[in-house]
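What follows is a single structure, written as structure tokens, with notes after it.
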Amino acid sequence: MRTTRYGALAMAAAAALALSACGGGGGEEGAEEGGGEAGAESVRIGIKFDQPGLGFDEGGSYSGFDVDVARYVAGELGYSEDQIEWVEAPSANRENLLSNEQVDMIFATYSITDTRKETVDFAGPYFIAGQDLLVPVDSDITGPEDLDGRNLCSVTGSTSAQRVKDEYAEGVNLIEQPGYAECVSLMSGGQIDAVTTDDIILAGLAAQEANQGQFKVVGNPFSEEKYGVGLTKGSELCSDINAAIEKMIEEGAWEEALANNLEGVDYEPNAELNPPTPDDCA
Amino acid sequence: MDSFLSLFEQYDVAAAFWVNIQLTFWAAIWSLLLGTLLALFRISPIASLQWFGATYVNIFRNTPLTIIIAFGVLALFGQLSVSLSSDFNLNFFRLAILGLSLYHAAFVCEAIRSGVNTVPLGQAEAARAIGLSFLPAARLVILPQAFRGAIAPLGNVLIALTKNSTVAAAGSVAESAGLMKTMIEFRSDMVIPIFFTFAFGFVLIVIPIGLLTTWASKKLAVSR
Amino acid sequence: MSAQQVLFDAPGPKAKRNILIGNIVGVLFIVGLLAWLITALAGQGQLTAAKWTPFLETRTWQFFLLPGLWDTLRAAGVAIVTSVVLGLLLGIGRLSHFLPIRWLAGVIVEFFRAVPVLLMMIFLWLAIGAASIMRPQDIPFIAVVTALTLYNGSVIAELVRSGVEGLPKGQREAGMAIGMTRGQSLRSIEVPQALTAMLPALVSQFVVILKDSALGYIITYTELLQNARRLGVGEGNLLQALLIAAVIFIIINFALSSLANRLSKLLSFRTAGPARKDPEQKVAAAVPAG
Numbered sequence: 001m002r003t004t005r006y007g008a009l010a011m012a013a014a015a016a017l018a019l020s021a022c023g024g025g026g027g028e029e030g031a032e033e034g035g036g037e038a039g040a041e042s043v044r045i046g047i048k049f050d051q052p053g054l055g056f057d058e059g060g061s062y063s064g065f066d067v068d069v070a071r072y073v074a075g076e077l078g079y080s081e082d083q084i085e086w087v088e089a090p091s092a093n094r095e096n097l098l099s100n101e102q103v104d105m106i107f108a109t110y111s112i113t114d115t116r117k118e119t120v121d122f123a124g125p126y127f128i129a130g131q132d133l134l135v136p137v138d139s140d141i142t143g144p145e146d147l148d149g150r151n152l153c154s155v156t157g158s159t160s161a162q163r164v165k166d167e168y169a170e171g172v173n174l175i176e177q178p179g180y181a182e183c184v185s186l187m188s189g190g191q192i193d194a195v196t197t198d199d200i201i202l203a204g205l206a207a208q209e210a211n212q213g214q215f216k217v218v219g220n221p222f223s224e225e226k227y228g229v230g231l232t233k234g235s236e237l238c239s240d241i242n243a244a245i246e247k248m249i250e251e252g253a254w255e256e257a258l259a260n261n262l263e264g265v266d267y268e269p270n271a272e273l274n275p276p277t278p279d280d281c282a
Numbered sequence: 001m002d003s004f005l006s007l008f009e010q011y012d013v014a015a016a017f018w019v020n021i022q023l024t025f026w027a028a029i030w031s032l033l034l035g036t037l038l039a040l041f042r043i044s045p046i047a048s049l050q051w052f053g054a055t056y057v058n059i060f061r062n063t064p065l066t067i068i069i070a071f072g073v074l075a076l077f078g079q080l081s082v083s084l085s086s087d088f089n090l091n092f093f094r095l096a097i098l099g100l101s102l103y104h105a106a107f108v109c110e111a112i113r114s115g116v117n118t119v120p121l122g123q124a125e126a127a128r129a130i131g132l133s134f135l136p137a138a139r140l141v142i143l144p145q146a147f148r149g150a151i152a153p154l155g156n157v158l159i160a161l162t163k164n165s166t167v168a169a170a171g172s173v174a175e176s177a178g179l180m181k182t183m184i185e186f187r188s189d190m191v192i193p194i195f196f197t198f199a200f201g202f203v204l205i206v207i208p209i210g211l212l213t214t215w216a217s218k219k220l221a222v223s224r
Numbered sequence: 001m002s003a004q005q006v007l008f009d010a011p012g013p014k015a016k017r018n019i020l021i022g023n024i025v026g027v028l029f030i031v032g033l034l035a036w037l038i039t040a041l042a043g044q045g046q047l048t049a050a051k052w053t054p055f056l057e058t059r060t061w062q063f064f065l066l067p068g069l070w071d072t073l074r075a076a077g078v079a080i081v082t083s084v085v086l087g088l089l090l091g092i093g094r095l096s097h098f099l100p101i102r103w104l105a106g107v108i109v110e111f112f113r114a115v116p117v118l119l120m121m122i123f124l125w126l127a128i129g130a131a132s133i134m135r136p137q138d139i140p141f142i143a144v145v146t147a148l149t150l151y152n153g154s155v156i157a158e159l160v161r162s163g164v165e166g167l168p169k170g171q172r173e174a175g176m177a178i179g180m181t182r183g184q185s186l187r188s189i190e191v192p193q194a195l196t197a198m199l200p201a202l203v204s205q206f207v208v209i210l211k212d213s214a215l216g217y218i219i220t221y222t223e224l225l226q227n228a229r230r231l232g233v234g235e236g237n238l239l240q241a242l243l244i245a246a247v248i249f250i251i252i253n254f255a256l257s258s259l260a261n262r263l264s265k266l267l268s269f270r271t272a273g274p275a276r277k278d279p280e281q282k283v284a285a286a287v288p289a290g
């Protein structure tokens, strides 16, 4: 009797372990090293899963501009579609994922900065975004200066909202939410006047089917964010990736990806800077 | 060590904890009031109020607090334009208090009901025998004894509330859990010291509350 | 005082009228509250069919809600088992006759009961990410389960301890009398009975685990709440998606709570100790987190 009881407990524990093991998604262990040269079994690419228009998990398949660029680059490096293992790369974890060699490349609205260059390498840029504002279509806001006394939404810890407050409109009311979805929901309820982050992310939000025709990107960017491909320090992939990006732009696939993902939104990327020329590899 | 201390110059940890303490204080008062009212509903002779009390408790006790806090911001503020203060930030602070109060009131109600269960039947019978009707009997005889019997479970609700005040981070309130996340993101080399700073902060707040309520529940227990 | 009817007399004609008036006022109050909510939401266009029809599509359930529910149940299920195991170890540790073990178990239990689960989850998520010990897609799951286990294991340890202490002394003495050691008596006589006595409180604790697993959305774990949010982003019906998630949580937790109630009635005469539904009676902080 006693043994049965403790035996049952042990069985339950074993079942729980099995449960936790089978849930991992069954992904194959990918290329061991960050090097991941062509011919290796698969390539692990970090993207956003919750950023419509850039990297979005549509229930089993992935869509967005970052995803399309990643697919193209992976294709040029010799990986077919089913050799790509998509990994979620939330902003807070991107450096960790790379320095621990848990992904080979990151395409996740990843701005090239000097601080980040200390821990990771970058290829690209493949796009140049700028912090901007998303407002209702009938709004009179034309730039961050107009935000005094208005309500501005961003995600917790955003540098964009802080910049607006510090440099343009001291009297702005900041509200921080766990995600941009909450911000857009609040704006369609009429409680906030603008959402701020990189313009292409805003355009992606506005391009959502449910938001069509409701919002516009102001088009007055107040920063320059060079989206790069995050690589492990010392990776040898940089020049190959740059060549792939250049080819993508030349072939027109870059333009096409941008148009496809941001269809129906009144948004033009900063034409002086886009499409960009990749920087030289270090 | 120096770089650890420099963290405190850069980030105001004490202020973040102070926000948690304020959230806890106000939510404790409101949830105690609302919870007592709900407990009264549940023991009252009026069927519709009994039903309301029971339904309220079943709904709020079984919903994750994060969803309640999110509804406060997205539905009450976002859609219904409920404003609890003309000051923008104070409004979210108060919405968080509202969410915390609504959630914990369900637990306060159950704690008081368990306190009511410690009051012997004879007390209610005696109250009726001297001609008290429901409300005076509840106010003068039952609840005073029930509160004293409910101090331990109420103390547990208070401890839970203190810790749950961190969930207000999801409602645009700058408190300690949010600050810890920011600090770790910017100083990932100091993950462990940062965590233990915040963890011990909560240990320092929670353990005295536990000791105090245990002491009070013994001291104030109705001896039978 | 359990029969609440003693609080008031069988109503006479006047009291009956008062109760009727009370009922009408009560119903009007409830109906009024609902009416305000519904008209206000309708005024904001939140009740239009477009916001709700996505929940009739298989795609919504197949790719968002059901996988989310599965991840919630998976995290909660694993955490329940590991919490019980940890709780038994720590609980027996706290009853040990060997002082350092008792002391160590005590410190662990008190520490993890005092630290908010959310704080622990965020820490584990970022710390495991920095330590490079597992596949990145597994980290949120591990962080959620570990945080839930440490907290709830400590609470269950207290349940076990108070369960054993709530047993009549005679149980242990009888064990000693037939020549068992202290440890044997604990394992074979006291803990099994304490578990039976504590089963209802244990099930209530499972509700806490299930609810707290929802905190995982803050660290990108793809549980029900997170998937509901992602669905809401795509369909523009965040509020409705959260409401559906809340309803699913309420149904599951309500079923678990009812189970706890039944167990406490059923088991009260199967053990020498008192079967309680309320973990609170003796145990500090066994109440609910987020």
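Residue numbers (the UniProt record's numbering), protein chains in the order written: chain Y, 1 to 282; chain E, 1 to 224; chain L, 1 to 290.
Here a beta-carbon is modelled for each residue, glycine too, at the ideal position from N, C-alpha and C.
Mind checking residue i: buried by the 16 CB within 10 Å criterion, or exposed?
{"i": "Val15(E)", "result": "Before going further, note that residue 15(E) is Ala rather than Val in the sequence given. Ala15(E) should be labelled exposed."}
{"i": "Pro136(L)", "result": "buried"}
{"i": "Arg139(E)", "result": "exposed"}
{"i": "Val31(L)", "result": "exposed"}
{"i": "Gly12(L)", "result": "exposed"}
{"i": "Ala79(L)", "result": "buried"}
{"i": "Glu268(Y)", "result": "exposed"}
{"i": "Lys16(L)", "result": "exposed"}
Under 7 Å between beta-carbons, which chain Y residues line up against residue i? List them in chain order, please.
{"i": "Thr220(L)", "result": "Glu88, Pro90"}
{"i": "Ser172(E)", "result": "Ile175, Glu176, Gln177"}
{"i": "Thr182(E)", "result": "Gly157"}
Going by beta carbon distance, what residues of the same chain come within less than 6 Å of residue i, once the five residues before and after it are set aside?
{"i": "Met1(Y)", "result": "Caution applies to Met1(Y), whose pLDDT of 45 falls short of 50 and renders its modelled position unreliable; the value that the coordinates give is listed next. So the list is empty, once near-sequence residues are dropped."}
{"i": "Gly93(L)", "result": "Ile101, Ala105"}
{"i": "Gly25(Y)", "result": "Confidence at Gly25(Y) is low in this model, with a pLDDT of 39, below 50, so its placement is unreliable and the value that follows should be read with caution. Nothing meets the Cβ criterion."}
{"i": "Glu37(Y)", "result": "Bear in mind that the predicted position of Glu37(Y) carries a pLDDT of just 44, short of 50, making it too unreliable to give a figure here."}
{"i": "Leu273(Y)", "result": "Ile128"}
{"i": "Thr72(L)", "result": "Ser213, Glu223, Leu224"}
{"i": "Asp193(Y)", "result": "Arg150, Asn151"}
Listing by chain order, which chain Y residues have their CB less than 9 Å from the CB of residue i?
{"i": "Leu126(L)", "result": "Ala92, Asn93, Asn96"}
Taking 8 Å as the limit between beta carbons, can you name the residues of its chain near residue i, skipping five residues before and five after?
{"i": "Ile219(L)", "result": "Met121, Ile122, Trp125, Pro140, Ala143, Val144"}
{"i": "Phe92(E)", "result": "Val73, Phe77, Gly171, Ser172, Val173"}
{"i": "Asn164(E)", "result": "Leu65, Leu100, Tyr103, His104"}
{"i": "Tyr217(L)", "result": "Glu223, Leu225, Gln226, Arg229"}
{"i": "Ser96(L)", "result": "Arg102, Ala105"}
{"i": "Arg71(Y)", "result": "Glu81, Ile84"}
Name, please, each residue of chain L whose Cβ falls closer than 9 Å to the Cβ of residue i.
{"i": "Ala177(E)", "result": "Pro116, Leu118, Leu119, Ile122, Ile218"}
{"i": "Pro52(Y)", "result": "Val233, Gly234"}
Only counting the same chain, and skipping five residues up and downstream in sequence, which positions put a Cβ closer than 7 Å to that of residue i?
{"i": "Leu69(L)", "result": "Leu224, Ile248"}
{"i": "Ala76(L)", "result": "Ile209, Leu210, Ser213"}
{"i": "Gly75(Y)", "result": "none"}
{"i": "Val106(E)", "result": "The residue asked about is misnamed: residue 106(E) is Ala in this sequence, not Val. The answer, listed in chain order, is Tyr56, Val57, Phe60, Arg61."}
{"i": "Gly264(Y)", "result": "Ala207, Gln212"}
Name the one or two DSSP bridge partners that residue i has.
{"i": "Asp87(E)", "result": "In DSSP, Asp87(E) forms no bridge with anything."}
{"i": "Gly72(E)", "result": "Answer is none; Gly72(E) lacks a bridge partner."}
Which bits of chain E does residue i rub up against, with CB to CB less than 7 Å?
{"i": "Gln208(Y)", "result": "Within chain E, no residue comes near Gln208(Y); the closest Cβ sits about 17 Å away, beyond 7 Å."}
{"i": "residue 283(Y)", "result": "This structure cannot settle anything about residue 283(Y), because the visible part of chain Y is limited to 1 through 282."}
{"i": "Asn23(L)", "result": "Ile46, Ala47, Ser48"}
Mind pulling the chain L residues with CB within less than 8 Å of residue i?
{"i": "Leu74(E)", "result": "Leu238, Leu239, Leu242"}
{"i": "Gly60(Y)", "result": "Phe63"}
{"i": "Asp57(Y)", "result": "Arg230"}
Can you list the residues of chain E that residue i reaches, using a CB-CB cut of under 8 Å?
{"i": "Pro11(L)", "result": "Pro45"}
Name, please, each residue of chain Y whose Cβ falls closer than 8 Å to the Cβ of residue i.
{"i": "Phe92(E)", "result": "Ile175"}
So which residues of chain E does residue i contact, with C-beta pairs closer than 9 Å?
{"i": "Gly46(Y)", "result": "By Cβ distance, chain E contributes nothing, its closest Cβ being about 17 Å from Gly46(Y), past 9 Å."}
Residues of the stretch 159-185 of chain Y with Cβ closer than 7 Å to any Cβ of chain E, in chain order: Asn173, Ile175, Glu176, Gln177, Pro178, Glu182, Ser185
Would you list, in chain order, the members of the stretch 157-172 of chain L that have their beta-carbon closer than 9 Å to a beta-carbon of chain Y? none
Please identify, using Cβ separations under 7 Å, the residues of the stretch 20-46 of chain L that lie next to chain E, in order along the chain. Gly22, Asn23, Gly26, Val27, Ile30, Ala40, Leu41, Gln44, Gln46
Taking only beta carbons into account, state which residues of the stretch 143-160 of chain Y come closer than 8 Å to chain E, listed in chain order. Asn151, Thr156, Gly157
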